[in-house]
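In the working numbering, the protein residues as written are 1 to 195.
Positions of the beta carbon are idealized from the N, C-alpha and C atoms, including for glycine.
These figures come from a predicted structure and were not determined experimentally.
Below: the structure, in structure tokens.
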Amino acid sequence: MISRRLISGLLLSLIAALWIAGCQSPEAQAQKLFAERKYQEVINKYPDSQVARRARAMMAEDLLEAGKYQEVIEKYPDTRAALLAHEEKARSLFNEKKFDELIAQFPNSPLANDAKNILAENLYNQGRFDELVAQYPKTPKGKEVLEARAKAEFDAAKKMKGDKQIQALEAIMRQYVETAAYKEAANLLREVRKK
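Quick look at the structure:
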């Protein structure tokens, strides 16, 4: 038989252990649940704690790894995983050649710039220059077309005289601000007005 002393000692130890476990701080309890990967329980019991924020981030990471990008974006929009989910969605649209959709949904993505360059290149190759400069003026092809048009108009304006020349130079300065012809037109306009 087990002695009374041994039973009393075991009971006291058990009571002390339970008491200590029950007296853990909420932060310590949350940490314990977090370590056990019980993220939803952490969020439910300690919603405003730092551990709950980490648990939300971990849940978002798990969804990201599972390829559930839209769910990450909707449920955990303020996490690093949501940013990565946006990038993955943009990459997917790019790979599927859904460039217009990519530009509309993720206008600030670096892939949106790549998509614009591809669309501009397509318009250039099709000879649709008006559409190109209207939609993608800041792309390399857009700038190339604007420069060529500005130069052609400037060359024509140099051959003009009087008010007609002044009007042509002013039009170049309005339409082609970020071109080399803009500066040339401004200089020539100054000279013409001095005369």
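Spatial distance of Ala150 from Leu93 (CA atoms): If you take the alpha carbons of Ala150 and Leu93, they lie about 35 Å apart.
Continuous alpha helix (DSSP H) assignments of at least 4 residues falling wholly in the segment 105 to 132: Here the runs fully enclosed are 110 to 125.
Three-state secondary structure (DSSP) of Asp78: Assignment of Asp78 by DSSP, reduced to helix, strand and coil, places it in the coil class.
Buried or exposed by the 16-neighbour rule on C-beta atoms within 10 Å, applied to Cys23: Note that Cys23 has pLDDT 49, beneath the 50 cutoff, so the model's placement of it is unreliable and no number is given.
Inter-residue Cα distance where the pair is Arg128 and Glu71: When only Cα atoms are considered, Arg128 and Glu71 end up about 40 Å apart.
DSSP-derived helix/strand/coil call for Pro47: Correct three-state label for Pro47: coil.
8 Å CB neighbourhood of Val145 in its chain, flanking five on each side removed: Taken in chain order, the residues that qualify are Tyr124, Phe129, Leu132, Val133.
Close Cβ partners of Leu120 (< 6 Å) along its chain, the five nearest in sequence each way excluded: First, the residue type needs correcting, since residue 120 is Ala and not Leu in the sequence shown. Excluding sequence neighbours, Ala120 sits near Leu132, Tyr136, Thr139, Lys141, Gly142.
Start-to-end residues for the alpha helix (DSSP H) that takes in Lys161: Here Lys161 belongs to no alpha helix (DSSP H), and DSSP marks it neither H nor E.
Buried or exposed by the 16-neighbour rule on C-beta atoms within 10 Å, applied to Arg56: Classification for Arg56: buried.
Short Cβ contact (9 Å threshold) for Ala85 with Ile73: Yes, Cβ-Cβ distance for Ala85 and Ile73 is below 9 Å.
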